[in-house]
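**Q** The structure's right below; bear with me while I get my questions together.
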Amino acid sequence: MQSRRSFVGTIFPILSLVFALCSLGHAAVPNRIASVVPEARRPVQNTVSPRAKSSIDLGAAPGSLKLNGLMLQFNKTAAQRAALDQLMADQQNPSSPRYHQWLTPQQFGAQFGLSADDIAHVTSWLTAQGFTVTGVAKSSTFVTFSGTAAQVQRAFGTTIHSLSLNGESHIANVTDPVLPSAIASVVANISGLNDFRPEAHLRVHQVPANAIRPHFTAPGNTTFHAIAPADFNIIYNVNPLIASNGLSGAGIGGCSNPSVPCGDIAVLGQVDITSYTNDLKAFRTAAGLPAALPDILSFGANPGAPSSACINNPNTTPNCHPALSDLQESLFDIEWAGAIAPSAKILFVTST
């Protein structure tokens, strides 16, 4: 399937595509866009961030503002949704011939993505509006592009505003964008119109000196009490799964190319943890787990590690990204994913 990108000049990739689709038992997805009529437009709803609605509006952002992370995400037809639901059920059903028959991104796109002709319609329209198309998903489920705030206003009929929220500066669209109806009918969402980041669930609090502190436990220490991975395995009866059935997490990711970062479990984050792997080593040593570190993959731009200001004043420093809570939650997720599946290879994927 990977040879689809270079099928010109040879018949073999074409045959491999035909055989792959035949083996899946599905015809190619039908076209859904007959033509693009610029005058007929309709909105893509629910694209205004709730945080934008809670912000102080500082007016329109400069038209020259560069927006590099724009994305059109495509929806599925009712038939595709039903077929996908059935596939996922069959993949988990041991009596089904499709049990654990995983799809490559290209195979997924051949059944559940947008057709190549429709994607061509979308990318041609984006290019005609002055945007630069930066990528098409192998799964045919989204396209990425970049442009300016002025181009967004002209193409999508919405304005990008400068905002202030809790002392932080942000930008965001303040109304839902509108697209030509034919394109809007296949679009589920437009992302990248604001710069609000996902917030870590973990919160760092400054504890007053006279506050009541909880007591945690640790081995060999009568003052502190903590729950370790071994405790978790006893509480949730995980030990029989690991000991009797060998369900330790190893090998489920199918990493076949040692030069490509991969893993059995992927953990997503928005911070660079490279300088903090000693924390991961210490956790696994203390928990009696096999020594292992995750592979680290930066998707797009590397967000970097928290600055000293983010670490020393996590609650008072505005625009502090990555934040200390980003770092702590990413380490926490990696540690405990590896604790529950002690032999799994962890892949940490990070991006801005």
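In our numbering, the protein residues as written are 3 to 354. Don't be surprised by glycine CBs; every beta carbon is placed ideally from N, CA and C. All values derive from a computational prediction rather than experimental measurement.
1) Which two residues bound the contiguous alpha helix (DSSP H) that contains Gln108?
2) Does the segment 79-87 come close enough to the segment 167-186 to have 3 or more Cβ pairs within less than 8 Å?
3) Suppose you measure from the CA of Cys322 to the CA of Val39; what does that come to, to the nearest Å?
4) If you draw a straight line from the C-alpha of Val240 to the C-alpha of Ala307, how long is it?
5) Output the boundary residues of the beta strand (DSSP E) element that contains Pro182.
6) Leaving out five residues before and five after Ala157 in sequence, what residues of the same chain have Cβ atoms less than 6 Å from its Cβ?
7) Apply the 10 Å Cβ neighbour rule to Asp340 and answer buried if 16 or more other Cβ atoms are within range, or exposed otherwise.
8) Measuring straight from C-alpha to C-alpha, what distance separates Gly65 and Gln153?
9) Taking the CB atoms as reference points, tell me whether Leu333 and Ile313 lie closer together than 7 Å.
10) Are the segment 229-238 and the segment 91-107 in contact at 8 Å, needing three or more beta carbon pairs?
11) Per DSSP, what are the beta-bridge partners of Lys55 in this structure?
12) Using 10 angstroms around the beta-carbon of Leu60, count the other beta-carbons present and answer buried if the total reaches 16, otherwise exposed.
13) With C-beta atoms as the reference, is Pro263 less than 7 Å away from Leu349?
14) Is Ala54 near Ala174, with beta carbons less than 7 Å apart?
15) Between Asn235, Val50, Ser148 and Ser141, which has its C-alpha nearest Thr161's C-alpha?
16) For the beta strand (DSSP E) that Ile244 lies in, which residues bound it at each end?
17) Pull up the CB-CB distance for Phe144 and Thr136, whole angstroms please, since I reckon it's below 8 Å.
18) I'd like the list of long-range same chain contacts for Thr134, defined as Cβ closer than 8 Å, with 5 residues on each side in sequence excluded.
19) Spatial neighbours of Asp281 within its chain, please: C-beta separation below 6 Å, excluding the five flanking residues on both sides.
20) Around the Cβ of Gln47, are there at least 16 other Cβ atoms within 10 angstroms (buried) or fewer (exposed)?
21) Under 7 Å between the Cβ atoms of Leu270 and Ile192?
22) Indicate whether Gln272 and Pro324 have their beta-carbon atoms separated by less than 7 Å.
23) Alpha carbon to alpha carbon, how far is Asn77 from Asn95?
24) Would you kindly report the start and end of the unbroken beta strand (DSSP E) that includes Ala190?
25) Taking the straight line between their C-alpha atoms, what separation do you get for Asn304 and Val351?
26) Less than 6 Å between C-beta atoms, sequence neighbours within five positions excluded: which residues of the same chain meet that for Gly115?
27) Should Ala1 and Asp328 be called a contact, given that it needs their Cβ atoms to be closer than 7 Å?
**A** Here's the rundown:
1) Following the DSSP letters along the chain, one finds Gln108 inside the alpha helix (DSSP H) bounded by residues Pro107 to Phe114.
2) The segment 79-87, when compared against the segment 167-186, does not touch it at the 8 Å Cβ threshold.
3) If I take the Cα positions, the gap works out to 44 Å.
4) Per the coordinates, the alpha-carbon of Val240 lies some 34 Å from the alpha-carbon of Ala307.
5) In the DSSP assignment, Pro182 falls within the beta strand (DSSP E) that extends over Val180 to Pro182.
6) Excluding residues up to 5 positions away in sequence, Gln131 lie with their Cβ nearer than 6 Å to the Cβ of Ala157 in the same chain.
7) Before going further, note that residue 340 is Gly rather than Asp in the sequence given. The residue is buried, with at least 16 neighbouring Cβ atoms inside 10 Å.
8) Rounded to the nearest whole angstrom, the C-alpha separation of Gly65 and Gln153 is 8 Å.
9) In this structure, the beta-carbon distance from Leu333 to Ile313 does not fall below 7 Å.
10) The segment 91-107 and the segment 229-238 do not touch, with fewer than three beta-carbon pairs separated by less than 8 Å.
11) According to DSSP, Lys55 bridges with nothing at all.
12) Counting Cβ neighbours within 10 Å, Leu60 comes out exposed, since fewer than 16 surround it.
13) Yes, they are a contact pair.
14) Cβ atoms of Ala54 and Ala174: closer than 7 Å.
15) Ranking the options by Cα distance to Thr161, first place goes to Val50.
16) Ile244: not part of any beta strand (DSSP E); member of the alpha helix (DSSP H) spanning Asn241 to Ala245, first to last residue.
17) Phe144 to Thr136, Cβ: 11 Å. No contact.
18) If we look at Thr134 and ignore the five residues flanking it on each side, its Cβ neighbours are Phe147, Ser148 and Gly149.
19) The answer, listed in chain order, is Leu333.
20) Classification of Gln47: exposed, given that the 10 Å Cβ count is below 16.
21) No.
22) Contact: yes.
23) Rounded to the nearest angstrom, the two C-alpha atoms are 26 Å apart.
24) Counting along the chain, the beta strand (DSSP E) containing Ala190 begins and ends at Val189 to Ser193.
25) So the two alpha carbons sit approximately 10 Å from each other.
26) Cβ within range, chain order: Ser141, Ser142 and Thr143.
27) The structure shown does not extend to residue 1, since the chain is modelled only from 3 to 354, so the question has no answer here.
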